[in-house]
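Colleague:
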């Protein structure tokens, strides 16, 4: 994988459903994986920074896992609420010294939670 | 603490006109980034500043785009002249390049540019 890819592109669920998205990234020279939530007309908000293989992070009803060997991360939302409606972006950072600051973004998963 | 501020939030112009976007980063953040997000894609880095110095502008289309960060605080991104393909969301982000290993980037709300 040369780019950061996210799936699905969009997702419509009912309130109360649990859902998950996938982020695939280059596993070579991996440094960190970032998840952001971007609500319409607002700033992208950082959810998680993940660095270690097997890492799991949780924030309320949202959690994420990381597999650096195979190059993927999952984001889970338990019991989706309408306020979870947003675009969820992941971004990978490579480990080469002069580019480790650089975030390479996926195209995002747009989540719509119906009441 | 105030977040990253951008203005304007929306801009509609006709092609060949100039346009400028302004960004005020989080106080104390020495690194500033400009990203462009085209429809259906993720944000892509245009330029990165460390203090006043543009340390990575390899993705900035220099024939029509220019940027400056006077005094290492606020920044302005300019397009002259704008083309139809420049329609996008322009995001500004800032971070503190210091002891934070991950240099977490904080984003502004973006400027949505429409070129007619």
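Protein chains in written order, with the numbering used here: chain C, 1105 to 1219; chain X, 204 to 319.
Quick reminder that beta carbons are idealized off the backbone N, C-alpha and C, glycines included.
Fair warning: this is a prediction, and the values are worked out from it, not measured in the lab.
#1: By DSSP, does residue 319/X sit in helix, in strand, or in coil?
#2: Below 7 angstroms CB to CB, which residues in the same chain sit around residue 1124/C once its five sequence neighbours on both sides are set aside?
#3: Quick check on residue 1196/C: buried or exposed, where buried means 16 or more other Cβ atoms within 10 Å of its Cβ?
#4: Looking at the unbroken beta strand (DSSP E) that takes in residue 224/X, where does it start and where does it end?
#5: How big is the Cα-Cα spacing for residue 312/X and residue 1172/C?
#6: Does the Cβ of residue 250/X have 16 or more other Cβ atoms within 10 Å, making it buried, or fewer, making it exposed?
#7: For residue 1218/C, count neighbouring C-beta atoms within 10 Å of its own C-beta (all shown protein chains included) and say buried if the count is 16 or more, exposed if not.
#8: Buried or exposed for residue 1114/C, please, with buried defined as at least 16 other CB atoms from any protein chain shown within 10 angstroms of its CB.
#9: Give the straight-line distance between the Cα atoms of residue 216/X and residue 1182/C, rounded to the nearest whole angstrom.
#10: Pull up the distance between the alpha-carbon of residue 214/X and that of residue 316/X, whole angstroms please.
#11: Strictly below 9 angstroms CB to CB, what residues from chain C border residue 318/X?
#12: Under the DSSP definition of a beta bridge, which residues are partnered with residue 1172/C?
#13: At what residue ranges does the segment 268-319 of chain X contain a whole run of the beta strand (DSSP E), taking only runs of 3 or more?
#14: What is the DSSP secondary structure of residue 1188/C, counted as helix, strand or coil?
#15: Around the C-beta of residue 207/X, are 16 or more other C-beta atoms found within 10 angstroms, so that it is buried, or is it exposed?
Modeller: A quick look at the data gives this:
#1: Residue numbering aside, residue 319/X sits at position 116 when the second chain is read from its first letter. The answer is coil: DSSP assigns residue 319/X none of H, G, I, E or B.
#2: Numbered from 1 along the first chain, position 20 holds the residue referred to as residue 1124/C. Same-chain partners within the cutoff: 1178, 1179 and 1180.
#3: Numbered from 1 along the first chain, position 92 holds the residue referred to as residue 1196/C. Buried, by the Cβ-count rule.
#4: As a working note, residue 224/X is residue 21 in the second chain. Looking at the DSSP string, the run of the beta strand (DSSP E) that includes residue 224/X is 222-227.
#5: Position 109 of the second chain, counted from the start, is the residue given in the question as residue 312/X. Position 68 of the first chain, counted from the start, is the residue given in the question as residue 1172/C. Cα to Cα, the separation comes out at about 30 angstroms.
#6: Locating residue 250/X in the second chain gives position 47, counting from the first residue. By the neighbour-count rule (16 or more Cβ atoms within 10 Å), residue 250/X is buried.
#7: As a working note, residue 1218/C is residue 114 in the first chain. Classification of residue 1218/C: exposed, given that the 10 Å Cβ count is below 16.
#8: Numbered from 1 along the first chain, position 10 holds the residue referred to as residue 1114/C. With fewer than 16 Cβ atoms within 10 Å of its Cβ, residue 1114/C is classed as exposed.
#9: Along the second chain, one-based indexing puts residue 216/X at 13. Along the first chain, one-based indexing puts residue 1182/C at 78. Cα-Cα distance, rounded: 43 angstroms.
#10: Taking the first residue of the second chain as position 1, residue 214/X is located at position 11. Taking the first residue of the second chain as position 1, residue 316/X is located at position 113. Their backbone Cα atoms lie some 5 angstroms apart in a straight line.
#11: Translated into the one-based positions of the second chain, residue 318/X becomes position 115. Here the premise fails: no neighbours, minimum Cβ distance about 20 angstroms.
#12: Numbered from 1 along the first chain, position 68 holds the residue referred to as residue 1172/C. Answer is none; residue 1172/C lacks a bridge partner.
#13: 268-271, 278-282, 291-298 and 314-318, all fully within the segment 268-319 of chain X.
#14: Residue numbering aside, residue 1188/C sits at position 84 when the first chain is read from its first letter. It is helical.
#15: The residue given as residue 207/X occupies position 4 in the second chain. Answer is buried; the Cβ neighbour count reaches 16.
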